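Peer 1: Position 92 (the sequence shown) corresponds to 75 in our numbering; numbering is contiguous.
Built from N, CA and C at the ideal position, the CB exists for glycine as well.
Computed from a prediction, not measured in an experiment: that's the story for all the values here.
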Amino acid sequence: MPVPLAPQEFERWHRVLAAAAKLQSVILDAFLVGGTAVGIYAPYRTSRDADHLMSDLPRHCTEVLARLEALAGWSTEIVRGQHTILGRMDGIEITLMDDGRVIPIHHVWIT
């Protein structure tokens, strides 16, 4: 049976989810992946950041970056080419990556 989150962990988890939702409210093609996505389905798992993938980010990077920078609470930290944007939303680390740079799990063969 999962152990309930301590109050400070619950507050942090709420802030991570709120930051992810805020990003997705303006970047509609972004989808949550990684530990935060798992944590939504596994209540004993939390994350301290929010990773997102987006199809065709290189083609839309300038527009996406402009939308993010117009949001209150967003600060850009690093832009790697047009494939990755790293920043903070309301103090929470956020990564937005081109989904073409990630190998889908169904393409990975384990031998």
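1. Please report the straight-line C-alpha distance between Arg42 and Gln65, rounded to a whole angstrom.
2. From Gln7 to Gly18, what distance separates their C-alpha atoms?
3. Closer than 7 Å by C-beta to Glu52: which residues in its own chain qualify, once you throw out the five before and the five after it? Chain order, please.
4. Under a Cβ-count criterion, where at least 16 other Cβ atoms within 10 Å of its own Cβ denotes burial, should Ser38 be classed as buried or exposed?
5. Take the Cβ of His(-3) as the centre, count every other Cβ of all protein chains shown within 10 Å, and call the residue buried at 16 or more, exposed below.
6. Taking the runs of the alpha helix (DSSP H) that are 4 residues or longer, which of them lie wholly in the stretch 38 to 74?
7. Starting from the Cα of Leu0, find the closest Cα among Gly83, Met80, Glu76 and Asp81 and give me that residue.
8. How would you label Ala4, buried or exposed, when you count the other beta carbons within 10 angstroms and need 16 or more for buried?
9. Taking the alpha carbon of Asp32 as the reference point, which residue from Val9, Gly83, Ala55 and Leu15 has its own alpha carbon closest?
Peer 2: So, from the data block:
1. Locating residue 42 in the sequence shown gives position 59, counting from the first residue. Locating residue 65 in the sequence shown gives position 82, counting from the first residue. C-alpha separation (whole angstroms): 8 Å.
2. Here residue 7 corresponds to residue number 24 of the sequence shown, with the count starting at 1. Here residue 18 corresponds to residue number 35 of the sequence shown, with the count starting at 1. One C-alpha to the other measures close to 17 Å.
3. Along the sequence shown, read from residue 1 onward, the residue named residue 52 stands at position 69. Taken in chain order, the residues that qualify are Thr59.
4. Walking along the sequence shown from the start, residue 38 turns up at place 55. By the 10 Å Cβ count, Ser38 comes out exposed.
5. Along the sequence shown, one-based indexing puts residue -3 at 14. Exposed, because fewer than 16 other Cβ atoms sit within 10 Å of the Cβ of His(-3).
6. 40 to 53
7. As a working note, residue 0 is residue 17 in the sequence shown. It is Glu76 whose Cα lies nearest to the Cα of Leu0.
8. For this step, residue 4 is matched to residue 21 along the sequence shown. So Ala4 counts as exposed.
9. Here residue 32 refers to the residue found at position 49 of the sequence shown. Ranking the options by Cα distance to Asp32, first place goes to Leu15.
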